[in-house]
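Quick note on this note's numbering: the sequence shown kicks off at 961 and runs consecutively. Reading through the structure tokens given below for one structure.
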Amino acid sequence: MNFLMTVTDSYVPYLGVTITSIIENNRHMELSFYIICPDLSVCNKSKLGGVINCKSASNASIHFLELKSEHRVLLEEVGKHLRSVHNTSFLLRLLSEQLLPSNLNTILYMDVDVVVSSDLKELDNYVFHDNIGAAVVKDVVRTTDYQRLKINPNEYIYFNSGVMLINLPYWRENSIGQKCLKKLCENMDVSFMPDQDALNIILKGKVDYLHPKYNCLMLFFMRDEFLKSRIQADELKQVKEAIENPAIIHYVFLNKPWFKGGFLPKKELWLNYLSLTPWADLKLKWRNGYKGMLNHYGKQIIENIPPFFGFELRPNLFKKKQYNHIRFLFLLLYYGFAQWLPNFDSRLLGKFSNRIRITCVRRLFDFVGKDVNIGRRVKFGHGKNIRIGDRSNFGANCRVPSNIVIGDNVMMGPNCFFFGSFSHKTSDTSIPMIEQGIELLPGHTSIHDDIWIGQECLFMPNVEIKSHSIIGARTIVTKNVPQGVVFAGNPGKIRKHRLD
């Protein structure tokens, strides 16, 4: 299988990551990499060769394509028509039909901000029909993009050109690259995303659409409300499949995986492949240096202040993700300060104290409903796998395990104790129990809707309390409690049926 990548020398380490991911997932096929890099340094050229060698990839080869003087002059001329934020490196692939060997018929172009996470056998065996220039994946675009390019979305769907399976005979016969460069010189309106816009105009109606798993864009990981507004309902299923099982992951945002800070889906995968390259010691840097660092932490502060006042400044584009450093800060804030503030029912700063605690637990629990109250000195460990519904509360001094679900309208008195989902091992009498460690217990504690729990109750692990029940004060709950009963005593027993 043939691959085409175009870069400048500063981006070669990221190219190395892309090539490594391809080799790691496609050892069963012959791989030929064609690289266009006008300013490639001797050091990086050697390291790219090292990618092939260190992977012991006898099935892989790498070829460097040289630009001629007329190509450089052409790029400079086209560059005059581009916006100042763009450089001519974006246009290198439009010269591929002139630079690639004439005996190649199909080649997979990739940007260098992608990684391959599975085999590409299906693309290697792809057969083009007549009059088709490329196989691509539909992009996630706005209506204004269609208006800007004068494209009717009912007739043609804009594609992302970061991953393209190119039909080279068609490109050569129809001079696709030359036509794109000419279009950029003629029409400034299409230079917002230079080569991609031009390719969409020139190849209009001349492309096949691949499954989105072959160009799984970061936009696919958006929260559902954003995704549904930009992707047609009949295509959502394929997008969900791409998210679950991507073949090629494309980090299309400005916040690339080689930058510090920010949440980026599948960033760990990119970092893993980086560790397998000759650039494994590459240090991640802040985008835009110290300004980027200040901007990142400034955004984190701004985004976490509004929930304190009961609203969200702007919805997060991606599905909610807890940042490790943010979680640590809120754990520190809660256990070092918020838990010691007055109880939520105190006349002196009670509501204000509860609001601070709620701000913390919203960043720590899996879910926090509306009008929730958290008593003072409640202990809940790290807060993961805890859910609490609307108008429910944890009483003062309660101790809560890491696996518990609290429904809606649950009243809980102070000093209740829930045993966690782990216990000391005691099976081997020949070893002191203190040396046998602990074992995790399956399941979780579940408190259904409309429950009243008296003070100082004790709950054994993984019990279930069904709706409309009352747990009397100082009850020891060792088993599941059915619906609509009064349950009390040591050990707890059914004392009354409320539904009779």
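Glycine included, every Cβ here is placed at the ideal spot set by N, Cα and C. Quick caveat, the model's predicted, so the values are computed rather than measured.
- If you check the CB distance, Ile995 and Ile1022 come in under 8 Å.
- Going by DSSP, Trp1412 is part of the beta strand (DSSP E) stretching over 1411-1413.
- Boundaries of the beta strand (DSSP E) harbouring Phe963: 962-966, taken from the DSSP string.
- Residue state for Thr1405 is assigned as strand, using DSSP reduced to three classes.
- When secondary structure is reduced to three states using DSSP, Glu1395 falls in the helix class.
- In the DSSP assignment, the residues bridged to Leu1418 are Phe1377, Ile1436.
- With fewer than three CB-CB distances shorter than 8 Å, the region 1186-1204 does not count as touching the region 969-977.
- Contact check for Arg1458 against Val1446 passes: the beta carbons are separated by less than 8 Å.
- The Cβ neighbour count for Trp1230, taken over all protein chains shown within 10 Å, is at least 16; the residue is labelled buried.
- Comparing alpha carbon positions, the residue from Gly1355, Thr1438, Asp1350 closest to Gly1414 is Gly1355.
- When DSSP states are grouped into helix, strand and coil, Asn985 belongs to the helix group.
- Around the beta carbon of Leu1170, 16 or more other beta carbons lie within 10 angstroms, which makes this residue buried.
- Contact annotation: Val1123 and His1210 have beta-carbon atoms nearer than 8 Å.
- The count of Cβ pairs closer than 8 Å, one atom from the region 1002-1020 and one from the region 1113-1123, stays below three, leaving the stretches out of contact.
- Lys1040 counts as exposed, since fewer than 16 other beta carbons sit within 10 angstroms of its beta carbon.
- Per the coordinates, the alpha-carbon of Val1075 lies some 30 Å from the alpha-carbon of Glu1036.
- Taken atom to atom, the span from the alpha-carbon of Ile1092 to that of Tyr1130 is near 7 Å.
- Taken through DSSP and simplified to helix, strand or coil, Asn1232 comes out as helix.
- The DSSP-derived three-state label of Thr1237 is coil.
- Glu1057 is classed as buried because its beta carbon has at least 16 other beta carbons within 10 Å across all chains shown.
- In the DSSP assignment, Ser1121 falls within the unbroken beta strand (DSSP E) covering 1119-1127.
- Note on the region 1139-1203: whole beta strand (DSSP E) runs with a minimum of 3 residues are 1167-1169, in chain order.
- Using a 10 angstroms sphere on the CB of Trp1218, the tally of other CB atoms reaches 16 or more, which defines it as buried.
- Taking the C-beta atoms as reference points, Tyr1118 is found nearer than 8 Å to Asp1099.
- Counting C-beta pairs with one atom in each stretch, the region 1404-1419 and the region 1364-1373 have three or more that are closer than 8 Å, which means they touch.
- Lys1456: member of the beta strand (DSSP E) spanning 1453-1457, first to last residue.
- For Ile1092, there is no enclosing beta strand (DSSP E), as DSSP marks it with neither H nor E.
- Burial state of Pro1154 is buried, judged by a 10 Å Cβ sphere holding 16 or more other Cβ atoms.
- DSSP, reduced to helix, strand and coil, places Ile1111 outside both helices and strands of the structure shown, so it counts as coil.
- A residue is called buried when at least 16 other Cβ atoms come within 10 angstroms of its Cβ; Lys1143 meets this threshold and is buried.
- If you draw a straight line from the Cα of Phe1288 to the Cα of His1404, it comes to about 24 Å.
- Rounded to the nearest angstrom, the gap between the Cα atoms of Asp1084 and His1031 is 30 Å.
- Excluding the 5 residues flanking it on each side, Lys1216 has same chain C-beta neighbours closer than 7 Å at Asp1073, in chain order.
- As the crow flies, the alpha-carbon of Asn1232 is around 15 Å from that of Ile1208.
- Nearest to Leu1051 by alpha-carbon distance, out of Gly1222, Asp1157, Met1253, is Asp1157.
- With fewer than 16 neighbouring CB atoms inside 10 Å of its own CB, Ile1394 falls in the exposed class.
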